[in-house]
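If you read the protein sequences in the order shown, they are chains P and R.
Heads up: the first sequence begins at 1 in the working numbering, then just goes up one per residue.
Heads up: the second sequence begins at 199 in the working numbering, then just goes up one per residue.
We put the CB at the ideal spot given by N, CA and C, even for glycine.
Please read all numbers here as calculations on a predicted model, not as lab measurements.
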Amino acid sequence: MTSPPTLDAGGHKPHVYPPGDLAIWVFILAELSAFFVLFAAYAFTRLKHLELFDEMQRTLDSDAGMINTLLLITGSWCVARAIAAIKRNRCRESSHWLLAAMLTGVGFLVVKYFEYGAKFAAGIDLDTNLFYTFYISLTMFHAMHVVLGMAILFFVWKKALAGGYSAHDHHGMETGASYWHMVDLVWIILFPLVYIMR
Amino acid sequence: MSIHFLNVIWVALMVATVLTWFIGKSVQMSAPLVVMVLVISAVKGWLIIYDFMALRRVKFLWRALVLGWLLLTLAVILLAYWLGLK
């Protein structure tokens with residue numbers, strides 16, 4: 001006997017809406033659209049300045065980019081673990097995972113601080129050339145999203161510490177988690193595009 | 199979503215990231231390597247969307263919107279790099 005068409009491949013009934021508040025998903029889609037435009041602008045501007053972009057890309061610290069990717073992925077995993085914990089009614093454990101996620105965000109910003117510091121000390125800024133205009137704009141725009149994601153996680157963490165979520169009521173935590181995952185998803189493309197592909 | 203499965207996804211994403219970084223260390227990146235990096239990024243994005251964002255069991259429309267963004271973005275980047283090879 002085959003499953004009814006309303007069930008997914010695993011035999012579960014699909015949810016109508018994604019996790020968290022619907023408004024955050026409208027915001028997430030708007031943010032993704034903005035990053036799409038920026039990524040496309042980078043890729044097609046590079047087309048007209050191939051040598052410059054390839055040469056300048058070699059001056060970036062891909063180790064720092066890799067470490068930051070590992071940090072954001074780990075942060076996303078921590079948030080997923082926080083959701084898994086709250087679904088088992090483990091509010092305290094969930095708050096620990098949220099704190100760990102925020103710490104990965106702090107780590108990301110510390111790495112970025114040293115990365116920018118090295119560039120600025122070498123006299124590089126937005127006006128140095130077209131590549132660095134894109135590099136600084138794109139990565140700073142993304143870093144602002146990391147800061148906003150950390151702020152959202154902070155409020156979710158405070159509520160979790162106070163026992164404000166449960167297995168039956170964690171809509172707010174899922175809202176914050178969805179935004180944090182979006183920040184990770186964007187970096188998954190930004191890292192290879194800006195640091196790796198020549 | 200089991201915790202074990204989440205842990206496996208995390209390890210897979212970490213390994214894929216190190217692989218991408220290693221490819222970037224190549225002196226001269228060839229077209230196949232560029233394609234490989236984009237495929238790895240697609241797989242990573244797919245895992246994040248399905249298993250961390252938890253869209254695996256959400257109505258197709260929502261999944262399609264986010265997955266569509268991922269694939270369209272990577273396709274546009276691939277197109278720009280392909281044009282650069284000419």
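Decide if the stretch 85–102 of chain P is in contact with the stretch 39–57 of chain P; the criterion is three or more beta carbon pairs, one per stretch, under 8 angstroms apart. no
Pull up the distance between the alpha-carbon of R/V237 and that of P/A80, whole angstroms please. Position 39 of the second sequence holds residue 237 of chain R. Position 80 of the first sequence holds residue 80 of chain P. Cα-Cα distance, rounded: 24 angstroms.
So, are the CB atoms of R/R254 and P/H15 less than 7 angstroms apart? Within the second sequence, residue 254 of chain R is the residue found at index 56, counting from 1. Within the first sequence, residue 15 of chain P is the residue found at index 15, counting from 1. No, these two residues do not count as a Cβ contact at 7 angstroms.
Mapping DSSP to helix, strand and coil, what is P/P192? Along the first sequence, one-based indexing puts residue 192 of chain P at 192. It is helical.
Per DSSP, the bridge partner or partners of P/H202: Within the shown structure, residues of chain P are numbered from 1 to 198, placing residue 202 of chain P beyond reach of any answer.
Spatially closest choice to P/H145 from P/Y179, P/F191, P/A160, by CA coordinates: Your numbering for residue 145 of chain P matches position 145 in the first sequence. Nearest of P/Y179, P/F191, P/A160 to P/H145, Cα basis: P/Y179.
Pull up the CB-CB distance for P/F35 and P/V186, whole angstroms please, since I reckon it's below 8 angstroms. The residue given as residue 35 of chain P occupies position 35 in the first sequence. The residue given as residue 186 of chain P occupies position 186 in the first sequence. Yes, P/F35 and P/V186 are in contact; Cβ-Cβ is about 5 angstroms, under 8 angstroms.
Quick one: residues in its chain with C-beta nearer than 7 angstroms to the C-beta of R/Y279, no 5 flanking neighbours on either side, listed in chain order? For the purposes of this step, residue 279 of chain R is taken as the residue at position 81 of the second sequence. V232, listed in sequence order.
Can you find the residues in the same chain that come closer than 7 angstroms, C-beta to C-beta, to P/T2, ignoring five residues on each side of it along the sequence? Walking along the first sequence from the start, residue 2 of chain P turns up at place 2. Because the pLDDT at P/T2 is just 42, under 50, the model does not fix this residue reliably, and the value given afterwards should be weighed accordingly. Correct list: empty, nothing qualifies.
Just checking my contact of P/F39 with P/I189 at CB under 8 angstroms: how many whole Å lie between their CB atoms? Numbered from 1 along the first sequence, position 39 holds the residue referred to as residue 39 of chain P. Numbered from 1 along the first sequence, position 189 holds the residue referred to as residue 189 of chain P. Indeed, because the Cβ distance is near 6 angstroms, the residues count as touching under 8 angstroms.
Contacts of R/M234 in chain P (Cβ-Cβ under 7 angstroms): As a first step, residue 234 of chain R is located in the second sequence; it is residue number 36 there, counting from the start. In chain order: nothing, as chain P lies at least about 10 angstroms away.
Tell me whether the beta-carbon of R/L270 lies closer than 7 angstroms to the beta-carbon of P/L47. Walking along the second sequence from the start, residue 270 of chain R turns up at place 72. Walking along the first sequence from the start, residue 47 of chain P turns up at place 47. Remark: C-beta atoms of R/L270 and P/L47 do not approach each other more closely than 7 angstroms.
Which listed residue (P/S137, P/V194, P/A177, P/L193) has its alpha carbon closest to that of P/P271: Since the first and last residues shown for chain P are 1 and 198, residue 271 of chain P lies out of range.
Determine the extent of the alpha helix (DSSP H) in which P/H96 is found, giving its start and end residues. Locating residue 96 of chain P in the first sequence gives position 96, counting from the first residue. Start and end: 91–121.
Contacts that P/Y195 makes with chain R (C-beta to C-beta distance below 7 angstroms): Translated into positions along the first sequence, residue 195 of chain P becomes position 195. Here the neighbours are G222.
Near-chain A residues of the stretch 248–263 of chain R (beta-carbon distance less than 7 angstroms), N- to C-terminal order: The structure shown has no chain A; the protein chains it does contain are P and R.
Start and end residues, alpha helix (DSSP H) containing P/M144: Mapped onto the first sequence, residue 144 of chain P falls at position 144. First-last of the alpha helix (DSSP H) with P/M144: 130–161.
Using a C-beta cutoff of 7 angstroms, does P/R90 count as contacting chain R? Counting from one through the first sequence, the residue named residue 90 of chain P turns up at place 90. Answer no: the Cβ-Cβ gap between P/R90 and chain R never drops below 7 angstroms.
Limits of the unbroken alpha helix (DSSP H) element including R/W215: Here residue 215 of chain R refers to the residue found at position 17 of the second sequence. For the sequence presented, residue 215 of chain R should be read as Thr rather than Trp. 201–222 is the span of the alpha helix (DSSP H), which, as asked, contains R/T215.
Separation of P/A82 from P/L22, as counted between CA atoms: Working through the first sequence from its first residue, we reach residue 22 of chain P at position 22. Working through the first sequence from its first residue, we reach residue 82 of chain P at position 82. Distance between the alpha carbons of P/L22 and P/A82: 20 angstroms.
Contact between the stretch 214–221 of chain R and the stretch 64–81 of chain P: three or more CB pairs below 8 angstroms? Inter-segment contact for the stretch 214–221 of chain R and the stretch 64–81 of chain P is present: three or more beta-carbon pairs are separated by less than 8 angstroms.
Under the three-state reduction of DSSP, which class applies to R/A273: helix, strand or coil? As a first step, residue 273 of chain R is located in the second sequence; it is residue number 75 there, counting from the start. Helix at R/A273.
Looking at the secondary structure, which residues open and close the alpha helix (DSSP H) in which R/M234 lies? In the second sequence, the residue the question calls residue 234 of chain R occupies position 36. Here the alpha helix (DSSP H) through R/M234 covers 229–245.
According to the neighbour-count rule (16 or more other Cβ atoms, all chains shown, within 10 Å of its Cβ), is P/M150 buried or exposed? Stepping through the first sequence from its first residue, residue 150 of chain P is reached at position 150. Under this definition P/M150 is a buried residue.
Expected contact under 8 angstroms - CB spacing of P/C91 and P/G163 to nearest Å: Here residue 91 of chain P refers to the residue found at position 91 of the first sequence. Here residue 163 of chain P refers to the residue found at position 163 of the first sequence. Going by Cβ atoms, the distance from P/C91 to P/G163 rounds to 5 angstroms, so yes, they are a contact pair.
Output yes if chain P places a C-beta closer than 7 angstroms to the C-beta of R/G243; else output no. Position 45 of the second sequence holds residue 243 of chain R. Yes, its Cβ sits closer than 7 angstroms to a Cβ of chain P.
Whose C-beta lies closer than 7 angstroms to the C-beta of P/A143 among residues of the same chain, with five residues either side of it excluded? The residue labelled residue 143 of chain P in the question sits at position 143 within the first sequence. So the qualifying residues of the chain are L109, K112.
Let's see if you can read the secondary structure: which residues bound the alpha helix (DSSP H) around R/K284? As a first step, residue 284 of chain R must be located in the second sequence, where it is residue number 86. Element bounds for R/K284: n/a, residue is neither H nor E.
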